[in-house]
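Chemist:
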Amino acid sequence: MSQERLDRLIREKLASGSVQSVYQDLKHKRISASAALAAMEASGVVDELVANLSAEGGGYQYQCQGGEASPWRRERRAEREKTAGADTATAMGGRGGGGGGESASGVPSSGLGAVPVEPSINRSQEGKAEEGERGTGRGDTLPPLARPNVLDRDRDVLDCRADTVGGHPQAPSPPKASSKAPGPLPSLAPMDMAMACNVIGTGAVLVVDIVSMHGFHSLADEDAGAAGAVVGLHMSVGSSRARTEFCPASMSPSLTGQYCLALPTHDTDTLLTMHSPLRLCMTRADTAGSSSVVGTASINWRQCLVSGRASVSVSLSPEHSVQPVAGIVDLTLSIPNIRHCTQEEVSAADSALEASLASEAQAYRREAETWYQEYTGAGDGFGTRLVQLYADSECSTPTPLCLYGQAQPCPLPSPNHCIRCVSLLSLSSTSGAGRRSRGMAGQPDLWRSQHTVLSACCGTPTEHALLLTGLLRGYCLEAYTCLGRLRVDNAPHAFVLVDEGEGSSGVYRCIEPVTGVSHMLPGQASPCACIESVFCQDGLYACTQRSTRVEGLSLCLSDPTCWKRFTPPPMPVSMSDRCAALHPGDPSASSTVQAHLTDALWGLIAARRADVNLSTPHNLSLSHLLSAPLVAYEAERLAGSRKASFGNALFAAGVKRILPEGAVFAAFPLQVQGTLRLHAPAILAAMLRHHKGRQILEARGDSLGLGLSVLVRPYADRLDAVWVVVAAVYVPVDGV
């Protein structure tokens, strides 16, 4: 169908007021995006299209495109410019003469339009797409809703857990050009789609324009080993999140662009009362495998309500550093299409919010001090148990424990998926599970916000447990974060307890959030040796029993003779900004990613074997058969069990059928996690570090056949499970 025909059909629908019909045609690809948007923009109803697309919850991304879409669009634009010129002349005193193509505001008209881009992944064009996004101009005059979200998909990586391979995290690096290996794949989670289209419903939009960054001396002072380090900036308001593309780390990182964050309403009075600051988090990842937080900050964006726009310069606070400032970020914030208010109204709202927060904090501290004195006086040694009423946030502010682990909905289909997803977070440190005598005195542990943990894709055991507790409570489960000790070395650790609904019997499921393995308590198999306190958003329970060891410990939390409960006072304002929403993964892209990663690994394996004068015979039947154990491994992790029983008999039968007489079968499976999980060279290097993996990759013999299979299972955000198995079937030759 010709462009003119499409334009005519769209004009007819618009003339009859069928905006929703045009939207449905666009959604189901019956018409082109450029034709639909050109017609609707020219008819003055593009805002309605934007609202319809946004209401779908993240199926499109708005990206600026240059040029005119059709002759009809140019015609309509000329008419609008002529009208705007006449209006300008009238406003200047009724003088004649056109406005010279300028709008009433004096800004030259732009020929750019908003084009919805489907979030499908074309791996062969990934580099070109990223280049196109980075090349988007910033001088256009588009409405903020139509501006692009310059979001880059993840740069790969490998963080092998102790229960998989290695145990030493490795970090992302920009891919080096190589004729032997394709570049790394992006993450499966459609962060550019889901985060760019945070505009859900009819709420207002906070547009964040990153102007410049400077003063990041810690990035410039890195040693030569961090030459390939990259940084990215993550933003959130409430449950709406966005992030920049990654760029090389330097004193003045080149992170710029405009990003949209959803606000819950257009009502200015409601926005004035919101306790949801704009949170910033800069993360860094390098080629050595480490991922860290450079700095964080919180910004009060309500100043935009006065004029719709505000320029701010914010200092990022570093973690675990003697430096007071990590760097400076210059931003321009704007909220289009809302009713403006006065500076006095904003100041009054800020004062009222601060007073509410101070009142809640004072009430909490008053009751917490009374409760803690009663608890420590109830028995000898109670003051040394792992009982905390406060935790430090990344802003070095003591935060009540009831503000952590709040129930939150998520895009994952079951509680088991939540457990598996949290276990895919890298382990940043073994600290942060509580210390002695930290109930009311001394410096409490640092527990970062969910936004910071999800931005860095890593966390302490306690941060794993807090995130998992909130996700499980979102499924209406009675889940608690538990502070206790490990059976292995008696070190402080955090677990998640889930009441199995056994009434007064006190039967709980204990989940190790770092690995996702669960056990029933009481039981000898659990890695948990002691439980000293459990808590959730509803309150805290401190153990008052003589011994805190799980053997013989009563877990009936409702029994006041065994557990002393602390019920916090109501804190509605403080609790209104504690959760960061997970964004769904993209299952439709997994097959494409698997194929790309498989091809890349085959190329690297063939190149390595060619270096030692060995051929690489592919056994397609073997490769297909190897997909079965990978599915079984992931199913076992999803079920929270490490017992290998899923489909083993069928797999063994298949192996026997493809083995020639006298042949040997050898296989090496590998679970890959972290930022290089989709980077073929890093995966091959991990295989070669192990004797069995090297033996298979360098196998030789009669009737040799090599098999390779890859499984990529996306969960949420940038968290996806990656499994790789390589195998060889051959007849040994004497003397080889």
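For what it's worth, full-length UniProt numbering labels the leading residue of the sequence shown as 1, then goes sequentially.
For every residue, glycine included, the Cβ atom is placed at its ideal position computed from N, Cα and C.
Every value quoted in this text rests on a predicted model; they were computed, and no experiment measured them.
Would the beta-carbon of T283 fall within 9 Å of that of H234?
Modeler: Contact: yes.
Chemist: Using 8 Å as the threshold, is the stretch 654-665 in touch with the stretch 621-632, meaning 3 or more CB pairs across them?
Modeler: Touching, per the Cβ criterion.
Chemist: What number of angstroms, rounded off, separates the C-alpha of S591 from the C-alpha of D599?
Modeler: Each residue's Cα considered, the two are about 12 Å apart.
Chemist: Exposed or buried, H451, counting other C-beta atoms within 10 Å across all chains shown (16 or more means buried)?
Modeler: Answer is buried; the Cβ neighbour count reaches 16.
Chemist: Rounded to whole angstroms, what's the CA-CA distance from C281 to G232? Just pull it up for me.
Modeler: Roughly 8 Å between the two C-alpha positions.
Chemist: Entirely within the UniProt domain "Centrosomal protein of 76 kDa C-terminal" (589-730) and at least 4 residues each: give me those alpha helix (DSSP H) ranges in chain order.
Modeler: Counting whole runs of 4 or more residues, the UniProt domain "Centrosomal protein of 76 kDa C-terminal" (589-730) contains the alpha helix (DSSP H) stretches 590-611, 620-625, 627-639, 648-658, 680-688, 691-697.
Chemist: For V488, report the span of its alpha helix (DSSP H) as first-last.
Modeler: Segment: none, V488 is in no alpha helix (DSSP H) and carries neither H nor E.
Chemist: Taking the alpha carbon of L353 as the reference point, which residue from V294, T270, S292, R365 has its own alpha carbon closest?
Modeler: Closest by alpha carbon: T270.
Chemist: For P398, report the span of its alpha helix (DSSP H) as first-last.
Modeler: Segment 398-400 is the beta strand (DSSP E) holding P398; no alpha helix (DSSP H) there.
Chemist: Using the three-state DSSP reduction, which class does C304 fall into: helix, strand or coil?
Modeler: Note: C304 maps to helix in three-state DSSP.
Chemist: Give a single yes or no on whether P584 has its beta carbon closer than 8 Å to a heavy atom of the ligand NAP.
Modeler: Ligands in the displayed structure: none, and consequently the ligand NAP is not present.
Chemist: Taking the alpha helix (DSSP H) that E344 belongs to, which residues open and close that run?
Modeler: First-last of the alpha helix (DSSP H) with E344: 343-376.
Chemist: Applying the 10 Å Cβ sphere with the 16-neighbour rule, what's the burial state of Q343?
Modeler: When all chains shown are included, Q343 counts as exposed.
Chemist: Nearest-angstrom Cα distance between Q388 and L401?
Modeler: Roughly 7 Å separates the two Cα atoms.
Chemist: P415 by DSSP, collapsed to three states: which one?
Modeler: Reduced to three states, the DSSP call for P415 is helix.
Chemist: What are the boundary residues of the beta strand (DSSP E) that M234 is part of?
Modeler: This sequence places His at residue 234; Met is not what is there. That run of the beta strand (DSSP E) goes 230-237.
Chemist: Figure out for me which residue from S292, L255, G228 has the closest Cα to the Cα of L425.
Modeler: With distances taken between Cα atoms, L425 lies closest to S292.
Chemist: Check whether the Cβ of G228 lies closer than 9 Å to any Cβ atom in chain B.
Modeler: Among the protein chains of the structure shown there is no chain B, as only one such chain exists.
Chemist: Can you give me the C-alpha to C-alpha distance between V722 and P318, rounded to a whole angstrom?
Modeler: C-alpha separation (whole angstroms): 32 Å.
Chemist: Between Q125 and the rest of its own chain, which residues show a CB-CB distance below 6 Å, the 5 nearest in sequence each way excluded?
Modeler: Because Q125 carries a pLDDT of 35, less than 50, the predicted location of this residue cannot be relied on, and the following value inherits that uncertainty. Same-chain partners within the cutoff: there are none.
Chemist: Taking the alpha-carbon positions, what's the L708 to L427 distance?
Modeler: Spanning the two alpha carbons is a distance of roughly 28 Å.
Chemist: For V573, which residues in the same chain have their Cβ closer than 8 Å to its Cβ, ignoring the five residues on either side in sequence?
Modeler: Counting only Cβ-Cβ distances below 8 Å, and skipping sequence neighbours, we find H275, L353, S356, L357, E360.
Chemist: Taking three-plus beta-carbon pairs below 8 Å as touching, is the stretch 695-709 in contact with the stretch 663-680?
Modeler: With the cut-off at 8 Å, the stretch 695-709 and the stretch 663-680 touch.
Chemist: Which residues in the same chain have their Cβ closer than 6 Å to the Cβ of G238, if we skip the five residues on either side of it in sequence?
Modeler: Hits under 6 Å: S276.
Chemist: Shortest alpha-carbon distance to G647 belongs to which of G383, D267, R546, V631?
Modeler: It is V631.
Chemist: Select from T548, F651, E369, Q673 the residue whose C-alpha is nearest the C-alpha of A667.
Modeler: With distances taken between Cα atoms, A667 lies closest to F651.
Chemist: Rounded to the nearest angstrom, what separates P732 and Q671 at their Cα positions?
Modeler: Looking at the two C-alpha atoms, the distance is approximately 28 Å.
Chemist: Hey, quick one: how far does the beta strand (DSSP E) through G501 stretch, first residue to last?
Modeler: Unbroken run through G501: none, as it is neither H nor E.
Chemist: Considering only C-alpha positions, which residue in the set L697, A680, V724, Q673 is nearest to R718?
Modeler: If we check each option's Cα against that of R718, Q673 comes out closest.
Chemist: Can you give me the start and stop residues for the beta strand (DSSP E) that G327 sits inside?
Modeler: It spans 327-334 - the beta strand (DSSP E) in which G327 sits, taken as one unbroken run.
Chemist: Just verifying my parser: in three-state terms, what is the DSSP assignment at P116?
Modeler: Reliability fails at P116, whose pLDDT of 27 lies under 50, so the model's placement of it is uncertain and the value that follows must be treated cautiously. P116 falls in the strand class under three-state DSSP.
Chemist: For M520, does the count of other Cβ atoms within 10 angstroms reach 16, so buried, or fall short, so exposed?
Modeler: Exposed, by the Cβ-count rule.
Chemist: Let me confirm a value: K692 is counted as buried when at least 16 other C-beta atoms fall within 10 Å, else exposed. Which label applies?
Modeler: The residue in question, K692, is exposed, as its Cβ has fewer than 16 Cβ neighbours within 10 Å.
Chemist: May I ask you to list the residues that DSSP assigns as paired with P584?
Modeler: DSSP lists A716 as partners of P584.
Chemist: May I ask you to report which of helix, strand or coil DSSP gives L271?
Modeler: Of the three classes helix, strand and coil, the one that applies to L271 here is helix, per DSSP.
Chemist: Can you give the beta carbon distance from G405 to Q537, rounded, assuming they're within the 8 Å contact cut?
Modeler: Their Cβ separation, rounded to whole angstroms, is 6 Å, which keeps G405 and Q537 in contact under 8 Å.
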